[in-house]
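Below is one structure, written out as structure tokens, with a few remarks after it.
Number of protein chains: 2
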Amino acid sequence: MNNQKLVVIGGDAAGMSAASKVRRAQPEREIVVFEQGNHTSYSACGMPYYIGGLVESEDELIARKPEVFRQKQNMDVRIRHEVMEIDVQNKRVRVRNLDEGNEFWETWDDLLIATGASPIAPKMEGINADGVFTLSLLQSGIDVFDFIEKAKPAKAVVVGGGYIGIEMAEAFIERSIEVSLIDMAPQMMTTLDPDMADLILDYMKEQQVAVFLEEKLVKIETKADGSVKSVTTDKQSLPADIVILGMGVKPNSELAAKAGIKLGANDAIGVNKRLETSAPHVWAAGDCAESFHLVTQKQVHIALGTVANKHGLAAGINISGGNTEFPGVLGTAITKFKEMEISRTGLSEKEAKALKMDYQAETITSVSPSGYYPGAEKITVKLVVDKQSKRLIGGQIVGFKGSAKRIDTIATAITAGLTAQQVVDLDLAYAPPFSTVWDPVQMAARQLV
Amino acid sequence: MNNQKLVVIGGDAAGMSAASKVRRAQPEREIVVFEQGNHTSYSACGMPYYIGGLVESEDELIARKPEVFRQKQNMDVRIRHEVMEIDVQNKRVRVRNLDEGNEFWETWDDLLIATGASPIAPKMEGINADGVFTLSLLQSGIDVFDFIEKAKPAKAVVVGGGYIGIEMAEAFIERSIEVSLIDMAPQMMTTLDPDMADLILDYMKEQQVAVFLEEKLVKIETKADGSVKSVTTDKQSLPADIVILGMGVKPNSELAAKAGIKLGANDAIGVNKRLETSAPHVWAAGDCAESFHLVTQKQVHIALGTVANKHGLAAGINISGGNTEFPGVLGTAITKFKEMEISRTGLSEKEAKALKMDYQAETITSVSPSGYYPGAEKITVKLVVDKQSKRLIGGQIVGFKGSAKRIDTIATAITAGLTAQQVVDLDLAYAPPFSTVWDPVQMAARQLV
Chain A
1 MNNQKLVVIG GDAAGMSAAS KVRRAQPERE IVVFEQGNHT SYSACGMPYY IGGLVESEDE
61 LIARKPEVFR QKQNMDVRIR HEVMEIDVQN KRVRVRNLDE GNEFWETWDD LLIATGASPI
121 APKMEGINAD GVFTLSLLQS GIDVFDFIEK AKPAKAVVVG GGYIGIEMAE AFIERSIEVS
181 LIDMAPQMMT TLDPDMADLI LDYMKEQQVA VFLEEKLVKI ETKADGSVKS VTTDKQSLPA
241 DIVILGMGVK PNSELAAKAG IKLGANDAIG VNKRLETSAP HVWAAGDCAE SFHLVTQKQV
301 HIALGTVANK HGLAAGINIS GGNTEFPGVL GTAITKFKEM EISRTGLSEK EAKALKMDYQ
361 AETITSVSPS GYYPGAEKIT VKLVVDKQSK RLIGGQIVGF KGSAKRIDTI ATAITAGLTA
421 QQVVDLDLAY APPFSTVWDP VQMAARQLV
Chain B
1 MNNQKLVVIG GDAAGMSAAS KVRRAQPERE IVVFEQGNHT SYSACGMPYY IGGLVESEDE
61 LIARKPEVFR QKQNMDVRIR HEVMEIDVQN KRVRVRNLDE GNEFWETWDD LLIATGASPI
121 APKMEGINAD GVFTLSLLQS GIDVFDFIEK AKPAKAVVVG GGYIGIEMAE AFIERSIEVS
181 LIDMAPQMMT TLDPDMADLI LDYMKEQQVA VFLEEKLVKI ETKADGSVKS VTTDKQSLPA
241 DIVILGMGVK PNSELAAKAG IKLGANDAIG VNKRLETSAP HVWAAGDCAE SFHLVTQKQV
301 HIALGTVANK HGLAAGINIS GGNTEFPGVL GTAITKFKEM EISRTGLSEK EAKALKMDYQ
361 AETITSVSPS GYYPGAEKIT VKLVVDKQSK RLIGGQIVGF KGSAKRIDTI ATAITAGLTA
421 QQVVDLDLAY APPFSTVWDP VQMAARQLV
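Those sequence lines, one after another, are chains A and B. If you're matching positions, the first sequence starts at 1 in full-length UniProt numbering and goes up one per residue. If you're matching positions, the second sequence starts at 1 in full-length UniProt numbering and goes up one per residue.
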């Protein structure tokens, strides 16, 4: 097995985690990585902060460059190489060298598909106008940054009120650009419940973001020079010098589908817990692949850096002859908008309701740190439990400094199958600069007991 | 039972939590609380921040005043009343009214002892000098504050490098008072391992605290007017205008012992998991009582506000006819010194070694938040596991902003019996402003796998 060739499609989190794990386990194995973009192992999640001017250089977002993989880890990493076709039968991929335009076939003994996910950009008038961006590859972040430097936009419109949407709204504020945000949903952050999302909405409005919910993007109007002029919704027209589309992502699973590999949840590549696809010796990991959800016990598609890294690690172990299972996800996520911190894990109330689960939800508002300590601000914690067993199945936090990372306590409790009472019983850390004596998470749990 | 009288000795966290719980369960029951000090339900943990000038008024440290308990909760709360004797046989206590000097007997059907703990102050020359303080009752914190306002001390000596010691060192710095700290131990913070404590030592020195370890307090020299002049150790003499003794605490269990009630760990009042003492209808809760340790499965004495509140809640449930057990402790604690955050839970490596456990410990140093995000600073996480099962038994964190509350994840994992691999597998929250993609806690766990 040590002499068998591993080909990896995609050189970011999942692909390079897996390749690195294989390299450590099998120092002599041949490893070839094809990455269509210019960069490897970069922090896509860092792009809004780079655009906002908080990160000095795009280089800081790159954990490891292609030449380092080549020189230090003896991997044949080729950027600007796009895989056009997977031939499962003959165990080979057809690759295009994007710079030279030529194509060639590369054989493999194991193939890892780590093609990521792509931002959803509806086909409509003006969508390709100069100044309209999605965020995907690191290059897209650099492009936005460069555009701001050059064009000095005064007004931005962000389409979509999810993670990218609020992070980019913050970035624009950092750059002194006036921001409007539209979303067709009746709430911000649809991964949270409406009551929690409303707290974010209020704060964003307070911070001078013009938020328009239940408004659908209809078209983008352009100036004579082809640059964006305004965003037209079903209700109004918003002037815009720059537009960010943060309308969600779809897994890059077309290559796999065309090769006859089975797709799963949300058309992500179907995998078992070992990250094996339906084709022999073909693995998939990261944003292009589905994941097992620990609460619903079903496959879901969750495109997050944490998941991609864990996928990559598990795939790498299995590809190099080990045997491990991907542990599953809770969809734990965290972000911030200016001073407001936001996090969620497990099932929201509306997800539990949609799944017709017998659940109970409680929300508390307290303060963090201790009320008398400087900087104490409101924190709201919502917990969802299975009504019968009282086991935690989800949690959401909206608060300020030091609030949202508490979601980890909830995620750990859900994973371990703890009940609300067991959360109340936890010996959590207290000191006035950090918390109230009953941590807000425990206050919420007490409401459920 | 509703008409039976409950007498509570001690009006702080444990006593008033219990009394409040009983009141909610039994609206008509007679409840009498004797508190020797001037205040009820105050945050002893907040005193260093009050002294440091971060809290506007001592009133902010008080969660609920005696008159509120009297008026809103119909409790007979009497401050400045000291219980002198417990008569278990005749179910009564002898009480002294400290203002009027008279004594009387009060009968009870249930008695809750919540007398707290007292700072250790060795009997030695000068220990009662003007300007030498311990922190116990809220009044002691007010006294220190008032002394600083009046005497304007230029130099402080803190005896003891534990929580009180480092928090008071910070308070003095906030007040622009030069601080020296002495401890007879070879390390700061003996609840942590020496390697972790050294990080704190280095930082404190950097922040201009003169720290002297392995130095024993010998005597305190006084001026002609009876105020403190200097602190003499076995190695040197340190000039001092104010001295804080933070040399640990001992449980206030003498009353109980004299009444024939069994003492337990560290001479704390012995209790079962229901918080019952060896005497019928006599309960104990808070800093005066022992607690069940979840890892060692033995009784220990841990004087912390979180434990006192949980003790009080459990005792209140049981006293009012319910049936619950105190869930046990891990000794989870957190504090900070200036920008450095410090936390611990479960067993330290040296505790595991002392218990002759077969353990494994690993320490990692990473950054938090993401390395490229503004404000990223070092974080060090140490985890201890049982070597055979790889189950977590302890953790320690030393880092900067947003670091130390991660101890809650570790405490939750220990309580749930998770292994290092299960911690690696947790779906914890990541975004650049909060964390690296593998949380530092998981990085430490990966070292153990």
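For each residue, glycine too, the CB sits at the ideal point set by N, CA and C.
Close Cβ partners of residue i (< 6 Å) along its chain, the five nearest in sequence each way excluded
| i | result |
| --- | --- |
| residue 197 (chain B) | 187, 188 and 189 |
| residue 446 (chain A) | 424 |
| residue 281 (chain A) | 110 |
| residue 34 (chain A) | 9, 78, 81, 83 and 95 |
| residue 244 (chain B) | 133, 158 and 168 |
| residue 194 (chain B) | 187 |
| residue 210 (chain A) | 180 |
| residue 105 (chain A) | 92 and 94 |
| residue 166 (chain A) | 337 |
DSSP state of residue i mapped onto helix, strand, coil
| i | result |
| --- | --- |
| residue 372 (chain A) | coil |
| residue 139 (chain A) | helix |
| residue 101 (chain B) | coil |
| residue 76 (chain B) | strand |
| residue 264 (chain A) | coil |
| residue 343 (chain A) | strand |
| residue 361 (chain B) | strand |
| residue 278 (chain A) | coil |
| residue 210 (chain B) | strand |
| residue 146 (chain B) | helix |
Neighbourhood of residue i by C-beta, 8 Å cutoff - its chain only, sequence neighbours within 5 removed
| i | result |
| --- | --- |
| residue 488 (chain B) | Because chain B here runs from 1 to 449, residue 488 (chain B) falls outside it and cannot be looked at. |
| residue 333 (chain B) | 163, 191, 304, 343, 344 and 345 |
| residue 175 (chain B) | 51, 52, 53 and 148 |
| residue 258 (chain B) | 85 and 86 |
Opposing strand residues paired with residue i [DSSP bridges]
| i | result |
| --- | --- |
| residue 69 (chain A) | DSSP output for residue 69 (chain A) lists no bridge partner at all. |
| residue 293 (chain B) | B:329 |
| residue 50 (chain B) | None; residue 50 (chain B) has no bridge partner. |
| residue 112 (chain A) | A:8 and A:283 |
| residue 92 (chain B) | B:87 and B:107 |
| residue 352 (chain B) | Note: residue 352 (chain B) sits in no beta bridge, so no partner. |
| residue 367 (chain B) | B:378 |
| residue 190 (chain A) | Answer by DSSP bridge pairing: none, since residue 190 (chain A) is not bridged. |
| residue 299 (chain A) | A:292 |
Opening and closing residue of the alpha helix (DSSP H) in which residue i lies
| i | result |
| --- | --- |
| residue 202 (chain B) | 194-206 |
| residue 274 (chain A) | Element bounds for residue 274 (chain A): n/a, residue is neither H nor E. |
| residue 173 (chain A) | 163-174 |
| residue 254 (chain A) | 254-258 |
| residue 440 (chain B) | 440-448 |
| residue 155 (chain B) | Unbroken run through residue 155 (chain B) is the beta strand (DSSP E), 155-159; no alpha helix (DSSP H). |
| residue 18 (chain A) | 13-25 |
Sequence-distant residues of its chain with Cβ nearer than 7 Å to residue i (five each side left out)
| i | result |
| --- | --- |
| residue 199 (chain A) | 380 and 398 |
| residue 227 (chain A) | 129, 130 and 131 |
| residue 230 (chain A) | 221, 237, 238, 239 and 240 |
Enclosing beta strand (DSSP E) for residue i [first to last residue]
| i | result |
| --- | --- |
| residue 32 (chain B) | 31-35 |
| residue 450 (chain B) | No statement about residue 450 (chain B) is possible, as the shown extent of chain B runs from 1 to 449 and does not include it. |
| residue 178 (chain B) | 178-183 |
| residue 242 (chain B) | 242-245 |
| residue 123 (chain A) | Careful: residue 123 (chain A) lies outside any beta strand (DSSP E) and carries neither H nor E. |
| residue 229 (chain A) | 228-233 |
| residue 237 (chain A) | 237-239 |
| residue 55 (chain A) | Per DSSP, residue 55 (chain A) belongs to no beta strand (DSSP E) and is neither H nor E. |
| residue 250 (chain A) | 249-251 |
| residue 219 (chain B) | 217-222 |
| residue 134 (chain B) | 132-134 |
C-beta neighbour in chain E for residue i, strict 8 Å
| i | result |
| --- | --- |
| residue 290 (chain A) | The structure shown contains no chain E; the protein chains it does contain are A and B. |
Query raised in the report: Whole beta strand (DSSP E) runs in the region 380-436 of chain B with 3 or more residues, listed along the chain?
Result: 392-399
Query raised in the report: Where in the region 306-337 of chain A do unbroken runs of the beta strand (DSSP E), each at least 3 residues long, occur, reported from the N-terminal end onward?
Result: 333-337
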